[in-house]
DNA sequence: TTGTAGGCGTTATCAA
DNA sequence: TTGATAACGCCTACAA
């Protein structure tokens, strides 16, 4: 491994001079700079970022901690974060904590000294855990986290409003038995979407029917299973609101498999509007979330925290959602 | 930031003793260890990984360099890599080089001293560039790269065989005008899949018809556009082989939009068998690639290189593909 | 069993 | 304009 020492020796200068020559904006004789530059090129020198960060205490990378890595939602979030990070000259150190529990704490520890800040997405309800694990004063942006933690900047999606709009729309189409396939237990987004569902039912003068509430976990398989269970009901629903698109697509699959037509026999709506939503058949009505923008925004906010570490009052931003009507819910959609 | 110095002071021992006490397997008096441990816990100490790696010259993280981050393919690859990495106690430093060109070299430089090795996916044809940019002796595993580089371990998908099987299958169903929507220009996977297409045509006694070869870039939009172009042909194809599922799904969308039925009017086959493939309507016949396994395997191989840095002869492994027949191609499929 | 001291590769602070 | 030299936080001979 070629170090700056080798470069300095090859150029016939001291280490200090070599270091200065390699950075612009320092006082170095033009000739010296050229010589050092040439030596560096010849030796294919590139600085050891770890060593550099030890003294500058800036790593130029951020940690990205996600609950899982499966599916288009996370993939889009990562894409947004990475895009912004790359634009700012940062790298992303990835970590998924799909096992839950102590992993968050462990993941945080293992990132100490490797990242300048953190984008943490953990929609689980154990808010105090994160507070305990998070080094106070460490720049963190929370993504889709319950609002319990007010010590950090956070970003959320308008879950309640989105779900509300979706269910209102379904009710407006005349549906009176509207089922919901819930998101994962203990998940903040899931809880908010359920809350929106209940509120919209009420406003529409519809009763909340427990048997129309199916458990789920955001996976296609869960949507599939939930839809099959709904079909076994004595009184089937005429519309299904799945708490995310993955489950909606799973449900679509199950209904088709059962020989039912969507939306003629049963209408379906999803949430997130993942890229795939418009391509399934029938195209999926969904609550649009600018997923990659969510990632971009989170990264941008983190960088702003990194720039101004002090006297910032933590902000909580909610990304708006919009209802996207397509064919799967039966009204005139694309 | 609490350092080991603080812990040592709090425990009333020297830095060296503190360091030893925090690692197991060192000779430390039981009482001392407890005291240090207690102090560390109390102070919420966690070691600065950057500083540690400076002396151990192991960062316990690997670089993951991908051409892009969009779509389920990359997302699944990342998932596979991360899973294996996490199991081995490693982190993933992510970087996408969607701008091409000098970025690869820059990305590599920026990772120097931050990663122990690299998983590099770059199916573009400029093989010599990577050879120039890659520090010789640096552990690298190549993913889906052209075979030009024999200095590094590499992993590929059986592109040729998969495409071949798909087209043979279509021909076997009686199709005589089989179109292809190609992958990105200058892409190795794309070229191999085209080669498989041509070979299968030949073996099936079918002529290679240039007008049935549409350009593409692996995106849904490209598949959509290509399908529309094919429909404008005087003699339409009766089957379309898209070089990946994203384009196949885009094509599906276009055909539906044009009022055609799949597979009755036109059959469609894709490649990759992304998770979504089975959920579209009609379910997509595709060439199955164990995408996340590809990532897992790449990571595993990299770790094996990290374990045995010397005297390893670079291996080139090809991941097999299998044809998955579903309804979109017209034969009895799921 | 513990402490002292040197060094990993860089950058930053001082004199010269 | 340049060169010693001291950090940064940690680990590890070596000595005590």
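Protein chains in written order, with our numbering: chain G, 1 to 334; chain D, 1001 to 1334.
Glycine included, every Cβ here is placed at the ideal spot set by N, Cα and C.
This structure is a prediction, so every number in the text was calculated from the model and none was measured.
Just to confirm the assignment, what range does the alpha helix (DSSP H) spanning residue 188 (chain G) have? 188-203
Check the Cβ-Cβ distances between residue 51 (chain G) and every residue of chain D, and say whether any is below 8 Å. yes
In the DSSP assignment, find the alpha helix (DSSP H) that holds residue 161 (chain G) and state where it starts and stops. 159-172
Please tell me whether residue 1054 (chain D) has its Cβ less than 8 Å away from any Cβ of chain G. yes
CB contact flag (residue 1323 (chain D), residue 1297 (chain D), <8 Å): no
Cβ-Cβ distance between residue 147 (chain G) and residue 182 (chain G) below 8 Å: no
Is it a yes or a no for the stretch 1037-1051 of chain D touching the stretch 1062-1073 of chain D, going by three-plus beta-carbon pairs under 8 Å? no
Which residue spans inside the stretch 239-307 of chain G form an unbroken beta strand (DSSP E) run of at least 3? 239-242, 267-269 and 286-288
Candidates G:172, G:187, G:188 and G:195: which alpha carbon is nearest residue 180 (chain G)'s? G:195
May I ask whether a heavy atom of the ligand GTP can be found less than 7 Å away from the beta carbon of residue 1184 (chain D)? Ligands in the displayed structure: none, and consequently the ligand GTP is not present.
DSSP state of residue 184 (chain G) mapped onto helix, strand, coil: coil
Taking the runs of the beta strand (DSSP E) that are 3 residues or longer, which of them lie wholly in the stretch 7-32 of chain G? none
Between the stretch 1253-1260 of chain D and the stretch 1090-1109 of chain D, do at least 3 Cβ pairs fall closer than 8 Å? no
Partner residues on chain D for residue 276 (chain G), Cβ-Cβ distance less than 7 Å: 1276
Limits of the beta strand (DSSP E) - the one that residue 1111 (chain D) falls within: From DSSP, residue 1111 (chain D) is part of no beta strand (DSSP E) but of the alpha helix (DSSP H) over 1103-1111.
In the DSSP assignment, the beta strand (DSSP E) including residue 316 (chain G) goes from what residue to what residue? 316-319
Answer with buried or exposed for residue 86 (chain G), where buried requires no fewer than 16 other C-beta atoms within 10 angstroms of its C-beta. buried
So what does DSSP say about residue 229 (chain G), is it helix, strand or coil? helix
Would residue 1220 (chain D) count as contacting chain G if we go by Cβ distances under 8 Å? yes
Going by the beta-carbon positions, is the gap between residue 64 (chain G) and residue 119 (chain G) smaller than 8 Å? yes
With DSSP as the reference, identify every bridge partner of residue 1092 (chain D), one or two as the case may be. G:94 and D:1062
Of all the options D:1212, D:1249 and D:1032, which has the alpha carbon lying nearest to the alpha carbon of residue 1234 (chain D)? D:1212
Flag this pair as yes or no: are the beta carbons of residue 1066 (chain D) and residue 1046 (chain D) separated by less than 8 Å? no
According to DSSP, is residue 53 (chain G) helix, strand or coil? helix
Member of D:1185, D:1184 and D:1168 whose CA lies at the smallest distance from the CA of residue 1177 (chain D): D:1168
Taking C-beta to C-beta, are residue 295 (chain G) and residue 36 (chain G) nearer than 8 Å? no
Name, going along the chain, the residues of the stretch 1109-1127 of chain D whose beta-carbon falls closer than 8 Å to a beta-carbon of chain G. 1109, 1110, 1111, 1112, 1113 and 1114
State whether the stretch 1022-1035 of chain D contacts the stretch 187-202 of chain G, with contact taken as three or more CB pairs (one from each stretch) at a distance under 8 Å. no
Let's test the definition: count the other Cβ atoms within 10 Å of the Cβ of residue 16 (chain G) and tell me whether it reaches 16, buried, or not, exposed. exposed
Here's the rule: buried if 16 or more other CB atoms are within 10 angstroms of the residue's CB, otherwise exposed. What is residue 1164 (chain D)? buried
Would you please state the rounded distance, in angstroms, between the beta carbons of residue 987 (chain D) and residue 1273 (chain D)? I believe it to be under 8 Å. Absent from the structure is residue 987 (chain D), since the part of chain D shown begins at 1001 and ends at 1334.
Cutoff 8 Å: residue 289 (chain G) Cβ touching any chain D Cβ: no
For residue 1269 (chain D), would you say it is in contact with chain G, using Cβ-to-Cβ distances shorter than 8 Å as the test? no
Beta carbons nearer than 8 Å to chain D: which residues of the stretch 242-256 of chain G have them? 249, 250, 252, 253 and 256
Residue span of the alpha helix (DSSP H) that contains residue 1084 (chain D), given as start and end: 1072-1087
Taking buried to mean at least 16 other C-beta atoms within 10 Å of its own C-beta, is residue 1309 (chain D) buried or exposed? exposed
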